[in-house]
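Working notes, beginning with the structure itself.
Number of protein chains: 2
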Amino acid sequence: MSGKTTIYDIAKELNITAATVSRALNNNPKISKATRKLVLETAAKMNYEQNKLALALKSGKSYNIGVIVPRIDSNFFASIIRGIEEELYPKGYHVIICQTHDQEDLEIGNINSLLNAQVDGILMSISNAKLEDNQSFQKLLKKNIPLIFFDRKKDIKGVSSVTIDDFKGAYDATKHLIDQGYKRIAHLSNDRLLLIFKNRYLGYKQAIIDNGLEFDESLVIETQSKVHEGKKTTKILLDMERPPDAIFSSSDFTALGAIQEIKERGLRIPEDIGIIGFSNEPFTKFMELSITSVDQSPTEMGRITAQVFLEEVNNGKKIKSEKHVVLSPELMVRKSSRREN
Amino acid sequence: MSGKTTIYDIAKELNITAATVSRALNNNPKISKATRKLVLETAAKMNYEQNKLALALKSGKSYNIGVIVPRIDSNFFASIIRGIEEELYPKGYHVIICQTHDQEDLEIGNINSLLNAQVDGILMSISNAKLEDNQSFQKLLKKNIPLIFFDRKKDIKGVSSVTIDDFKGAYDATKHLIDQGYKRIAHLSNDRLLLIFKNRYLGYKQAIIDNGLEFDESLVIETQSKVHEGKKTTKILLDMERPPDAIFSSSDFTALGAIQEIKERGLRIPEDIGIIGFSNEPFTKFMELSITSVDQSPTEMGRITAQVFLEEVNNGKKIKSEKHVVLSPELMVRKSSRREN
DNA sequence: TACATTTATGTAATCGATAACATTTTATAT
DNA sequence: ATATAAAATGTTATCGATTACATAAATGTA
Chain A
10 MSGKTTIYDI
20 AKELNITAAT
30 VSRALNNNPK
40 ISKATRKLVL
50 ETAAKMNYEQ
60 NKLALALKSG
70 KSYNIGVIVP
80 RIDSNFFASI
90 IRGIEEELYP
100 KGYHVIICQT
110 HDQEDLEIGN
120 INSLLNAQVD
130 GILMSISNAK
140 LEDNQSFQKL
150 LKKNIPLIFF
160 DRKKDIKGVS
170 SVTIDDFKGA
180 YDATKHLIDQ
190 GYKRIAHLSN
200 DRLLLIFKNR
210 YLGYKQAIID
220 NGLEFDESLV
230 IETQSKVHEG
240 KKTTKILLDM
250 ERPPDAIFSS
260 SDFTALGAIQ
270 EIKERGLRIP
280 EDIGIIGFSN
290 EPFTKFMELS
300 ITSVDQSPTE
310 MGRITAQVFL
320 EEVNNGKKIK
330 SEKHVVLSPE
340 LMVRKSSRRE
350 N
Chain B
10 MSGKTTIYDI
20 AKELNITAAT
30 VSRALNNNPK
40 ISKATRKLVL
50 ETAAKMNYEQ
60 NKLALALKSG
70 KSYNIGVIVP
80 RIDSNFFASI
90 IRGIEEELYP
100 KGYHVIICQT
110 HDQEDLEIGN
120 INSLLNAQVD
130 GILMSISNAK
140 LEDNQSFQKL
150 LKKNIPLIFF
160 DRKKDIKGVS
170 SVTIDDFKGA
180 YDATKHLIDQ
190 GYKRIAHLSN
200 DRLLLIFKNR
210 YLGYKQAIID
220 NGLEFDESLV
230 IETQSKVHEG
240 KKTTKILLDM
250 ERPPDAIFSS
260 SDFTALGAIQ
270 EIKERGLRIP
280 EDIGIIGFSN
290 EPFTKFMELS
300 ITSVDQSPTE
310 MGRITAQVFL
320 EEVNNGKKIK
330 SEKHVVLSPE
340 LMVRKSSRRE
350 N
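Line by line, the protein sequences are chains A and B.
Take 10 as the starting number for the first sequence in my numbering and just add one per residue.
Take 10 as the starting number for the second sequence in my numbering and just add one per residue.
Quick look at the structure:
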């Protein structure tokens, strides 16, 4: 009554064995055309549907993959997940989502929880830089379950990654500001234990140096990726004896906070101060004063992460080779930094 | 070597049977303290971890639930998913995400695919109004698998839903415009075969009528939830013989398009024309000209949807009772409609 | 016709955990 | 010390599908 037709039901109905039914359903060559046809028809009639759970237990492949992100309700991560899902669904995979909220214990808990659920792979963006506990990762590797980092990675032997060239993104952004004539460029940084922020900092610094500007460490301030934090930090910058005339922010949200503070002080953007954010969040384009930002093509990143996973799976037991895909970011020049003409 | 310790391994190690191991691990009372301790220690030593797949096959509960949305990379749906995940993860559930991209075949495909994966329930926002094919839904119900609609629902007997009071949201928004002195209010609608848009239209209409304004059907135009569509439609409105002096849009994106068109014509907001959107997308608050919008508290909606699911699961075989939660929307009044003082 | 092949089907084990039922061991009462 | 109850453990079937191996049926060959 409650659905759930199994191959045994079909077998009984036709007075054959479950093995034969299984073979018929799987296009196994060792079966007569007549029987196959009969089984297929009966299966359809009885609304048979394969129980993937049983298959998974038998085969050791669940066709589920886990995706771990700090949070899902940010355009960046949501877009990555979109890309992953679109790439994997056609191949028969389902995507399980876990959020860590930047909590280390949840990060580890999620990994274990996904392992218990027998996922075929884990794609994740690590949230905690201090996550010294490589144990959970090692466990994955020992079990030969593909682990792939996207965006926020950790250097672990045998683990592939898909990231963007944060250094280049930052370098290009800073260079653009310099080209626009800005001389004293500040940088709203973030926890530099995380590679992405470290590299953005380094790219910024290199651009300053390469172009003969004075590099002033006091113009670099670490803050959190929140609007009000950006505002607070900008207050500090503007109150300096020699305030900056441009700000390259490692986050669109802090860039927005900076804009708010700058406007409150009656300063003009981009005439008096230039602003660039990072991530190309949708709102940067929507603002009347549109914000120049670095696009990370997150959907593409998700797609490629999924592809790298598929490659590893298809590679099977072969040599576990790391693959590191580095995508090129694109500077989206908008009003907040375009001073010419 | 490759991990995967099973209860049989532990049993062999201790010269007992798997059943005893299972009992020890599950705190079954029928076991001696000594054996339990021994098993627990050995399990820890051998890095045992329960295979949820085997458990799922045996128990018929996968502890996976499917969530089907049109797309995940919109703040609204991402926030709902966030709420769902946060509510269900602590209860041991994993959330599987599927996107339909508003395609009917994908919608049906997703349901079947999730069914095969033996999910314990499906939470979804239907994307296609024309989805006459109730077959897939009936299949779910027949199998006694909880199906719960959120936001975009369909009236199906036995199916619970969590929605917001779109009528009220629209009514309040329109009433607010009227209170601000706007006299000729247009409505950017959307496919009214979908209940949410139908109800927003009805709420708008009722507010117009209740407040003695003239209801003019030509001021209601269906469009798609895209910025450029909103712009295009607004063009039509502004070119009318008697153009509107306010626009209540069923989407924040069309509201944004409307603003762009209005500004290009040199009209002032909110002085000449008032604007209200729907959904309270993050950017509405970030804009310099912040947009008044109707908040749908999506994270809360997700949470409650999950709770309704849990209730149905715990209800077990009991009377299948529909539950319809209707959340109250909140009007977020911002600059785009605040004309007084 | 008799024997070798090929083809189709059946049998039974397996994946890992659980649980009803059976059996053994230990504790308690007489 | 013996009967009996209670506690602990073992045996085995089960969830649903797959598959190596065994067997039966069909076909081919001499």
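C-beta atoms are modelled at their ideal positions from N, C-alpha and C, and glycine is treated no differently.
Any beta-carbon of chain B closer than 8 Å to the one on residue i?
| i | result |
| --- | --- |
| phenylalanine 295(A) | yes |
| serine 11(A) | Here the model assigns serine 11(A) a pLDDT of 46, short of 50, so the residue's position is not dependable, and the following value carries that caveat. Yes - at least one Cβ of chain B is within 8 Å of the one on serine 11(A). |
| lysine 207(A) | no |
| glutamine 233(A) | no |
| arginine 91(A) | yes |
| aspartate 114(A) | no |
| proline 99(A) | no |
| leucine 265(A) | yes |
| phenylalanine 318(A) | no |
| isoleucine 313(A) | no |
| glutamate 94(A) | yes |
| serine 71(A) | yes |
| lysine 241(A) | no |
| leucine 340(A) | no |
| glutamate 321(A) | no |
Can you check whether the C-beta of residue i is within less than 8 Å of a C-beta belonging to chain A?
| i | result |
| --- | --- |
| leucine 62(B) | yes |
| serine 170(B) | no |
| isoleucine 106(B) | yes |
| tyrosine 210(B) | no |
Using CA atoms only, rank isn't needed, just tell me which of the options is closest to residue i.
| i | options | result |
| --- | --- | --- |
| leucine 247(A) | Ile285(A), Phe224(A), Glu290(A) and Ile194(A) | Ile194(A) |
| serine 351(A) | Ile74(A), Val168(A) and Lys166(A) | In the structure displayed, chain A extends from 10 to 350; residue 351(A) sits before or after that span and is not available. |
| glutamate 339(B) | Ser302(B), Asn125(B) and Ile230(B) | Ser302(B) |
| arginine 161(A) | Ile154(A), Lys152(A), Pro155(A) and Asp174(A) | Asp174(A) |
| threonine 44(A) | Leu64(A), Ala63(A), Asp225(A) and Ala20(A) | Ala20(A) |
| glycine 69(B) | Lys152(B), Gln189(B), Gln305(B) and Phe206(B) | Lys152(B) |
| phenylalanine 159(A) | Gly286(A), Arg251(A), Ser88(A) and Ile268(A) | Ser88(A) |
| isoleucine 187(A) | Gln233(A), Ile165(A) and Leu222(A) | Leu222(A) |
| aspartate 181(B) | Lys166(B), Arg209(B), Asn36(B) and Ile154(B) | Arg209(B) |
| glycine 266(B) | Leu197(B), Ile25(B) and Ser227(B) | Leu197(B) |
| aspartate 129(B) | Ile105(B), Tyr72(B) and Leu47(B) | Tyr72(B) |
| isoleucine 105(A) | Glu226(B), Ala126(B), Glu116(B) and Leu115(B) | Ala126(B) |
| methionine 249(B) | Gly178(B), Asp225(B) and Asp82(B) | Asp225(B) |
| serine 337(B) | Arg277(B), Ile81(B), Gly118(B) and Pro307(B) | Pro307(B) |
| leucine 276(B) | Thr263(B), Pro252(B) and Tyr98(B) | Pro252(B) |
Starting from residue i, find everything on chain A with Cβ-Cβ shorter than 7 Å and list it in chain order.
| i | result |
| --- | --- |
| phenylalanine 159(B) | By Cβ distance, chain A contributes nothing, its closest Cβ being about 15 Å from phenylalanine 159(B), past 7 Å. |
| alanine 126(B) | Lys61 and His103 |
| glutamate 238(B) | Under the 7 Å cutoff, chain A gives no residues; its nearest Cβ is about 15 Å from glutamate 238(B). |
| phenylalanine 292(B) | Pro291, Phe292 and Phe295 |
Listing by chain order, which chain B residues have their CB less than 7 Å from the CB of residue i?
| i | result |
| --- | --- |
| leucine 66(A) | Leu62, Ala63 and Leu66 |
| serine 346(A) | By Cβ distance, chain B contributes nothing, its closest Cβ being about 17 Å from serine 346(A), past 7 Å. |
| glutamate 273(A) | Within 7 Å Cβ-Cβ: nothing; glutamate 273(A) doesn't reach chain B, min ~12 Å. |
Kindly list the residues whose CB is nearer than 8 Å to the CB of residue i, restricted to its own chain and excluding five residues on each side of it in sequence; keep chain order.
| i | result |
| --- | --- |
| methionine 10(A) | Confidence is the limiting factor: at methionine 10(A) the pLDDT is only 37, short of 50, which leaves the residue's position unreliable, though a coordinate-based value still follows. Cβ neighbours of methionine 10(A) beyond the five flanking positions: none. |
| histidine 185(B) | Ile285, Thr301, Leu340, Val342 and Ser346 |
| glutamate 320(A) | Lys332 |
Please compile the residues from chain A whose C-beta is within a distance smaller than 8 Å of the C-beta of residue i.
| i | result |
| --- | --- |
| aspartate 82(B) | Asn84, Ala87, Ser88, Ile90, Arg91 and Thr308 |
For residue i, collect the residues of the same chain with a Cβ closer than 6 Å to its Cβ; drop the 5 residues on either side in sequence, then sort them by chain order.
| i | result |
| --- | --- |
| serine 169(A) | Ile157, Val317, Glu331 and Lys332 |
| lysine 207(B) | Arg201 |
What in chain A is Cβ-close to residue i, meaning under 9 Å?
| i | result |
| --- | --- |
| leucine 298(B) | Glu297 |
So which residues of chain B does residue i contact, with C-beta pairs closer than 8 Å?
| i | result |
| --- | --- |
| glutamate 58(A) | Asn121, Leu124 and Asn125 |
Once the 5 residues before and after residue i are set aside, which same chain residues still bring their CB inside 7 Å of it?
| i | result |
| --- | --- |
| phenylalanine 143(A) | The displayed chain sequence assigns asparagine, not phenylalanine, to residue 143(A). So the list reads Ile165, once near-sequence residues are dropped. |
### Query
Counting Cβ pairs, one atom from each stretch, are 3 or more of them under 8 Å apart for the region 91 to 111 of chain A and the region 307 to 314 of chain A?
yes
### Query
Is the number of C-beta pairs between the region 240 to 250 of chain B and the region 207 to 215 of chain B that are closer than 8 Å three or more?
no
### Three CB pairs or more closer than 8 Å across the region 279 to 287 of chain A and the region 246 to 260 of chain A
yes
#### Entry: Stretch-stretch touch, CB-based, cutoff 8 Å, three pairs: the region 50 to 58 of chain A with the region 105 to 119 of chain A
no
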